[in-house]
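The sequence shown begins at 1 in this note's numbering and counts up one residue at a time. Quick reminder that beta carbons are idealized off the backbone N, C-alpha and C, glycines included. Predicted model only: the values in this text are computed from it and were never measured. A short write-up of the structure that comes next.
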Amino acid sequence: MTEPEKPAAKDTLTTELLALRDEVAAINTRLRPSFRRLIGIQLLRGIAFGLGSVLGATLVVSILIYSLSSINFIPIIGEWASQIVDSIQKK
1 MTEPEKPAAK DTLTTELLAL RDEVAAINTR LRPSFRRLIG IQLLRGIAFG
51 LGSVLGATLV VSILIYSLSS INFIPIIGEW ASQIVDSIQK K
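Right, dumping it as structure tokens:
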């Protein structure tokens, strides 16, 4: 009986290792984009965050002012809310 040839198995292992190395390099290239692309993505993220923050704050403040303007039966808060609503409507 003859034993299997070890050099053939070694060549196959070397070939598989080189293919795996190429795949890892390709994945690293796709996961780590260029510097310009990274800057562009971060810029868009910042713009989206800023726009979302402004819109959210506007919505919260307008709901708060609307709810405060309907509270006229509490003396101090009602007058204060009425002043805020009047100053906003003038602008």
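{"Check": "Roughly how many angstroms separate the alpha carbons of S82 and K90, rounded to a whole number?", "Outcome": "12 Å"}
{"Check": "Taking Cβ positions, are I88 and I65 nearer each other than 8 Å?", "Outcome": "yes"}
{"Check": "On the three-state DSSP scale, how would you describe S82?", "Outcome": "helix"}
{"Check": "So what's R30 in DSSP terms, helix, strand or just coil?", "Outcome": "helix"}
{"Check": "How many whole angstroms separate the CB atoms of L68 and I84, which I take to be in contact at a CB cut-off of 8 Å?", "Outcome": "7 Å"}
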